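Q: Top to bottom, those sequences are chains A and B.
In this text, residue positions in the first sequence follow our numbering: the first is 1, and each later residue adds one.
In this text, residue positions in the second sequence follow our numbering: the first is 116, and each later residue adds one.
The beta-carbon is built from N, C-alpha and C at its ideal position, and this holds for glycine as well.
Here the structure is a predicted model, which is why all the values come from computation and not from measurement.
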Amino acid sequence: MAQYAILIYEAESAYADAGQEAWQQAAEAHSRFAGQVGERGGKILGGDALEPTSTATSIRSDIVTDGPFAETKEALGGFYLIEARDLDHAIEIAKLCPAPFGGVEVRPIMDTSGG
Amino acid sequence: MSAMDGPGERKDARRNAIAAAVAEAHRREWAFVLAATARVTRDLDAAEECVQDAYVAALDTWARQGVPRNPGAWLTTAARHRALDTLRRNRTLRTKLPMLIVPEQRSADAAEPDDGSDVIADDRLRLIFTCCHPALAREAQVALTLRLVCGLTTADIAKAFVVSEPTMAARVTRAKKKIAAARIAYRVPESAELPDRLDAALTVIHLLYTTGHTDPHGSGLVRPDLVDRAIALARLLRELMPDEPEAGGLLALLLITDARRATRTDANGGLQLLEKQNRSQWDAAAIAEGCALVTDAVRGSRPGRFALQAAIAAVHAEAPSYAETDWPQLLDLYDRLLEAWPSPVVALNRAVVVAMVSGPAAALEEITGLELDGRLDGYRYLPAAKADLLRRLDRRDEARLSYQAALDLSENAAERAFLAGRIAEMAQPARSER
Numbered sequence: 001m002a003q004y005a006i007l008i009y010e011a012e013s014a015y016a017d018a019g020q021e022a023w024q025q026a027a028e029a030h031s032r033f034a035g036q037v038g039e040r041g042g043k044i045l046g047g048d049a050l051e052p053t054s055t056a057t058s059i060r061s062d063i064v065t066d067g068p069f070a071e072t073k074e075a076l077g078g079f080y081l082i083e084a085r086d087l088d089h090a091i092e093i094a095k096l097c098p099a100p101f102g103g104v105e106v107r108p109i110m111d112t113s114g115g
Numbered sequence: 116m117s118a119m120d121g122p123g124e125r126k127d128a129r130r131n132a133i134a135a136a137v138a139e140a141h142r143r144e145w146a147f148v149l150a151a152t153a154r155v156t157r158d159l160d161a162a163e164e165c166v167q168d169a170y171v172a173a174l175d176t177w178a179r180q181g182v183p184r185n186p187g188a189w190l191t192t193a194a195r196h197r198a199l200d201t202l203r204r205n206r207t208l209r210t211k212l213p214m215l216i217v218p219e220q221r222s223a224d225a226a227e228p229d230d231g232s233d234v235i236a237d238d239r240l241r242l243i244f245t246c247c248h249p250a251l252a253r254e255a256q257v258a259l260t261l262r263l264v265c266g267l268t269t270a271d272i273a274k275a276f277v278v279s280e281p282t283m284a285a286r287v288t289r290a291k292k293k294i295a296a297a298r299i300a301y302r303v304p305e306s307a308e309l310p311d312r313l314d315a316a317l318t319v320i321h322l323l324y325t326t327g328h329t330d331p332h333g334s335g336l337v338r339p340d341l342v343d344r345a346i347a348l349a350r351l352l353r354e355l356m357p358d359e360p361e362a363g364g365l366l367a368l369l370l371i372t373d374a375r376r377a378t379r380t381d382a383n384g385g386l387q388l389l390e391k392q393n394r395s396q397w398d399a400a401a402i403a404e405g406c407a408l409v410t411d412a413v414r415g416s417r418p419g420r421f422a423l424q425a426a427i428a429a430v431h432a433e434a435p436s437y438a439e440t441d442w443p444q445l446l447d448l449y450d451r452l453l454e455a456w457p458s459p460v461v462a463l464n465r466a467v468v469v470a471m472v473s474g475p476a477a478a479l480e481e482i483t484g485l486e487l488d489g490r491l492d493g494y495r496y497l498p499a500a501k502a503d504l505l506r507r508l509d510r511r512d513e514a515r516l517s518y519q520a521a522l523d524l525s526e527n528a529a530e531r532a533f534l535a536g537r538i539a540e541m542a543q544p545a546r547s548e549r
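(1) According to DSSP, simplified to helix, strand and coil, what is B/I235?
(2) With a CB to CB cut of under 7 Å and the five nearest residues on each side skipped, what residues in its chain are close to B/E359?
(3) Mind pulling the alpha helix (DSSP H) runs of 4 or more residues that sit fully within the stretch 361 to 432 of chain B?
(4) Check whether the stretch 183 to 203 of chain B touches the stretch 60 to 67 of chain A, counting contact only when three or more Cβ pairs, one atom from each stretch, lie closer than 8 Å.
(5) Taking the straight line between their C-alpha atoms, what separation do you get for B/G327 and B/T483?
(6) What are the complete alpha helix (DSSP H) segments, minimum 4 residues, inside the stretch 459 to 517 of chain B?
(7) Which residue from B/P475, B/L479, B/L463 and B/R511 puts its Cα closest to that of B/D551?
(8) Is A/F101 closer than 8 Å to A/A16 when the C-beta atoms are compared?
(9) How far does the alpha helix (DSSP H) with B/A290 in it extend, from its first residue to its last?
(10) Quick check on the burial criterion: 16 or more other C-beta atoms within 10 angstroms. Buried or exposed for B/T372?
(11) Report the option in B/R510, B/A438, B/G489 and B/A539 whose CA atom is closest to the CA atom of B/Q519.
(12) Keeping to the same chain, check which residues put their C-beta closer than 6 Å to that of B/A477; ignore five residues upstream and five downstream.
(13) Considering only C-alpha positions, which residue in the set B/L485, B/R537, B/E163 and B/F533 is nearest to B/M509?
(14) With distances taken between CB atoms, is the gap from B/I346 to B/L369 smaller than 8 Å?
(15) Looking at the structure shown, is B/R197 part of a helix, part of a strand, or coil, going by DSSP?
(16) Counting only Cβ pairs nearer than 7 Å, list the residues of chain A close to B/A250.
(17) Here's a check: name, in chain order, each residue in its chain whose Cβ is nearer than 6 Å to the Cβ of B/G415, leaving out the five neighbours to either side.
(18) Using the C-alpha atoms, what's the distance from B/R143 back to B/L355?
(19) Here's the rule I'm using: 16 or more other beta-carbon atoms within 10 Å means buried, otherwise exposed. How should B/W177 be labelled?
(20) Starting from A/Y9, follow the beta strand (DSSP E) in both directions and report where the run begins and ends.
(21) Can you give the Cα-Cα distance for B/V461 and B/A426, rounded to whole angstroms?
(22) Which residues share a DSSP beta bridge with B/D441?
(23) How big is the Cα-Cα spacing for A/C97 and A/E39?
(24) According to DSSP, is B/A140 helix, strand or coil?
(25) Less than 8 Å between the C-beta atoms of B/A173 and B/V148, yes or no?
(26) So, does the stretch 384 to 392 of chain B touch the stretch 404 to 424 of chain B, judging by three or more C-beta pairs under 8 Å?
(27) Would you please state the rounded distance, in angstroms, between the beta carbons of A/L81 and A/A5? I believe it to be under 8 Å.
(28) Can you tell me whether B/A135 is buried or exposed? The criterion is at least 16 other CB atoms within 10 Å of its CB, across all chains shown.
(29) Could you name the residues that DSSP lists as bridge partners for A/S58?
(30) With respect to the beta strand (DSSP E) encompassing A/K43, which residues constitute its N-terminal and C-terminal limits?
(31) By how many angstroms is the C-alpha of B/V257 removed from the C-alpha of B/L352?
(32) At a cut-off of 7 Å, would you count B/A153 as near the ligand FAD, judging by its Cβ distance to the nearest heavy atom?
(33) Report the residue from B/R507, B/W456, B/A499 and B/Q543 whose alpha carbon sits nearest the alpha carbon of B/S525.
(34) What residue from B/V217, B/R286 and B/R379 has the CA that sits closest to B/A273's CA?
(35) Just to confirm my understanding: we take B/D488, look at its own chain, exclude 5 residues before and 5 after, and list those with CB closer than 8 Å. What are they?
(36) Within the same chain, show all residues whose beta-carbon is closer than 8 Å to that of B/R129, passing over the 5 residues directly before and after it, in chain order.
Structural data, given as structure tokens:
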């Protein structure tokens with residue numbers, strides 16, 4: 001098995017505009033997703049939702065600035081760390097990952113074990 | 116051999132014959148040998164090196180022992196031995212991320228091939244599907260396919276796509292790294308994903324063909340090497356997946372289109388339209404082979420886009436003349452194609468057929484709709500098709516402007532010469548016949 005990060009990029013404004021109900025639906029969708037990953041033979045190793053980019057602080061060469069590292073319409077809003085057989089399996093799982101206001105990116109975790 | 120030949124000349128002749136046999140084996144067997152060797156090395160770079168070495172060894176060994184009866188099997192054995200030797204000698208060949216070799220999923224009733232051979236012919240399919248994986252950029256898919264499946268050098272691929280060799284080398288290296296790091300499995304897709312994945316592979320082969328067929332930058336209209344490679348790949352895929360109608364559809368499409376290769380340009384290398392082509396010079400054998408494939412490919416309930424395009428090419432190929440073409444049947448095929456593949460390019464080609472069935476005015480309406488749609492902005496065949504309709508309606512000023520718009524978008528010398536000719540023609544006073 002290999003490890004992948006599923007990075008969830010969504011338009012933050014969309015959640016703000018959609019209101020409490022959208023949050024509720026997203027929460028339900030994510031708990032459904034957690035079950036689906038197991039059914040498909042994958043495993044969630046970790047993951048979390050992030051506070052919006054308005055809460056972000058960036059640091060580059062000791063200079064601290066307010067805001068995210070890069071200003072984009074769709075920002076990183078959460079992530080999962082999963083285990084999957086191969087990229088096709090990871091993509092199959094990532095397709096189920098809820099991201100109603102954007103999409104997800106699949107990145108392999110670097111093997112730093114050496115050897 | 117005459118008595119005049121000295122031993123030196125005989126030696127030369129023999130060396131040339133061996134070199135030719137190795138070159139032939141390179142063209143025919145590269146994919147087979149590489150695919151089987153990758154299974155041992157579990158690393159594409161290492162596999163390439165071992166296969167390269169095997170071809171070098173063949174030059175020497177075949178000169179001494181004669182060309183083996185099955186060159187592909189000989190080369191595979193040689194390359195795999197070399198791979199195993201290297202694996203034993205130094206562990207460094209094993210990269211940190213060995214390629215994922217996933218066993219084929221066989222249905223319970225399918226018999227295992229029990230011929231004792233440890234080389235599975237389908238390894239070539241694994242190789243093709245790995246090169247054409249959707250997680251790779253289209254240009255990387257194309258480059259990898261040429262490099263790994265066809266065995267072309269990076270220099271040749273760079274030349275074919277008009278980029279520098281370092282650029283192409285970087286593209287190939289990046290793609291290989293992604294295959295290893297992202298764990299793209301070395302396998303044939305499962306049936307659920309097969310239609311999409313097969314379409315991606317067919318698209319790559321089709322793109323190779325069209326790049327060769329109409330050189331987007333160069334002066335010649337056809338680059339035979341790319342065209343031949345594309346047809347050979349389509350043939351291979353059809354051979355490996357005989358039950359996939361779209362694989363047969365693509366081969367048919369390429370065969371029928373290419374049967375007209377000799378007549379697409381005139382004696383001076385200028386563009387010759389279908390209307391003016393000498394049909395007696397079309398390759399009848401290729402057309403016959405293509406048309407037979409079409410019959411099979413469109414048999415199912417919902418023929419795919421390659422099968423339908425092949426059926427359209429077949430209608431053209433079988434028409435005794437341009438005027439006697441079965442335009443209503445073409446229109447029906449285009450309607451079905453548009454349904455299977457809702458692309459504005461298809462809609463544009465369909466409009467050309469509408470002109471033949473219902474006249475240029477009706478077709479012009481469709482093209483105006485496509486212009487408003489905007490998805491074909493910058494596509495040179497849109498103003499070219501519009502110009503031709505305006506010309507036939509004798510709206511010469513508007514026609515000239517549209518030809519000019521097409522000219523501004525084309526970089527192909529043969530096409531530019533043709534369009535410039537039309538512009539000059541439109542500037543002359545109207546004649547009674549058109």
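A: Here's the rundown:
(1) Confidence in B/I235 is poor, its pLDDT being 47 and thus under 50, which makes the residue's placement too unreliable to answer from.
(2) L313
(3) 399 to 412
(4) no
(5) 31 Å
(6) 459 to 473, 475 to 488 and 496 to 507
(7) One cannot answer for residue 551 of chain B here, as it falls past the ends of chain B, which runs 116 to 549.
(8) no
(9) E280 to A296
(10) buried
(11) B/A539
(12) V469
(13) Note that residue 509 of chain B is Asp in the sequence shown, not Met. Among B/L485, B/R537, B/E163 and B/F533, the Cα nearest to that of B/D509 belongs to B/R537.
(14) yes
(15) helix
(16) L87
(17) P360
(18) 14 Å
(19) buried
(20) A2 to A11
(21) 14 Å
(22) In DSSP, B/D441 forms no bridge with anything.
(23) 14 Å
(24) helix
(25) no
(26) no
(27) 6 Å
(28) exposed
(29) A/T65
(30) K43 to A49
(31) 15 Å
(32) Absence of the ligand FAD from the depicted structure is noted, as is the absence of any ligand whatsoever, leaving it without description.
(33) B/A499
(34) B/R286
(35) P459
(36) A178
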